[in-house]
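>
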Amino acid sequence: MDKKQNFKEALEAHAAMIFKIATAYTHSRDDRNDLIQEIHTQLWRSLDSFKGQSALSTWVYRVAMNVSLYHVKVTRRKAFTVPLNDHLHDRSDELSDQEDPWFVLKNQLDQLNLLDKALMILYLEDKSYEEIAAIMGITTSNVGTRLNRIRERIRQRIQKNQ
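Taking our numbering, the leading residue of the sequence shown gets 3, the next gets one more, and so forth.
#1: Using the rule of at least 16 other Cβ atoms within 10 Å of the residue's Cβ for burial, across every protein chain shown, is Lys5 buried or exposed?
#2: Whose C-alpha, out of Met19, Asn144, Asp33 and Ile38, is nearest the C-alpha of Leu58?
#3: On the criterion of 16 or more Cβ atoms from any shown chain inside 10 Å, does Thr43 qualify as buried, or is it exposed?
#4: Measuring alpha carbon to alpha carbon, tell me which of Thr141, Arg148 and Val65 ends up nearest Gln39.
#5: Using three-state DSSP, classify Glu154 as helix, strand or coil.
#6: Ordered along the chain, which non-local residues of its own chain (more than five positions away) have a Cβ less than 7 Å from that of Leu116?
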């Protein structure tokens with residue numbers, strides 16, 4: 003098989019994972035689609051660097067997370083240029099959103115720093131501590147410690163807001 007075919011199959015196999023990561027780091031459909039395109043571009047550019055030392059899914063995850071983290075940093079720098087209309091919304095649905103557990107979780111994830119958010123996303127994707135450690139480049143014990151601290155902070159914030 004050639005490089006294009008391998009790349010196409012890798013994208014198809016990991017499309018849902020890439021979509022979830024992009025969704026977690028963006029707030030609009032257009033931004034999400036742009037980020038997915040950036041991830042695909044970086045995966046293509048980096049394909050030759052995949053050595054097979056880890057699972058393909060681990061490598062794709064790592065590239066997607068790195069591109070997403072960079073995207074968030076760039077977006078934050080440009081935050082002052084975003085039109086106000088992008089942030090206006092109908093507040094009539096706000097109460098029902100606040101009762102939705104997925105809305106609460108997304109809200110809590112958005113309050114985390116970038117690395118903690120990445121850890122929680124991987125955890126919520128049911129990745130093992132070993133897989134998370136490989137993707138994030140930290141030790142397995144550090145994964146456990148950080149996840150416990152993050153979960154406790156989230157728990158305290160939710161209890162405080164109730």
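Glycine included, C-beta positions come from ideal geometry on N, C-alpha and C.
In this structure, then:
#1: The sequence position of residue 5 within the sequence shown is 3, counting from 1. Its Cβ having fewer than 16 others within 10 Å, Lys5 is exposed.
#2: Your numbering for residue 58 matches position 56 in the sequence shown. It is Met19 whose Cα lies nearest to the Cα of Leu58.
#3: Position 41 of the sequence shown, counted from the start, is the residue given in the question as residue 43. Exposed, by the Cβ-count rule.
#4: The residue labelled residue 39 in the question sits at position 37 within the sequence shown. The residue with the shortest Cα to Cα distance from Gln39 is Val65.
#5: Within the sequence shown, numbered from 1, the residue matching residue 154 stands at position 152. In this structure, Glu154 counts as helix in the three-state DSSP scheme.
#6: For the purposes of this step, residue 116 is taken as the residue at position 114 of the sequence shown. Hits under 7 Å: Leu71 and Val74.
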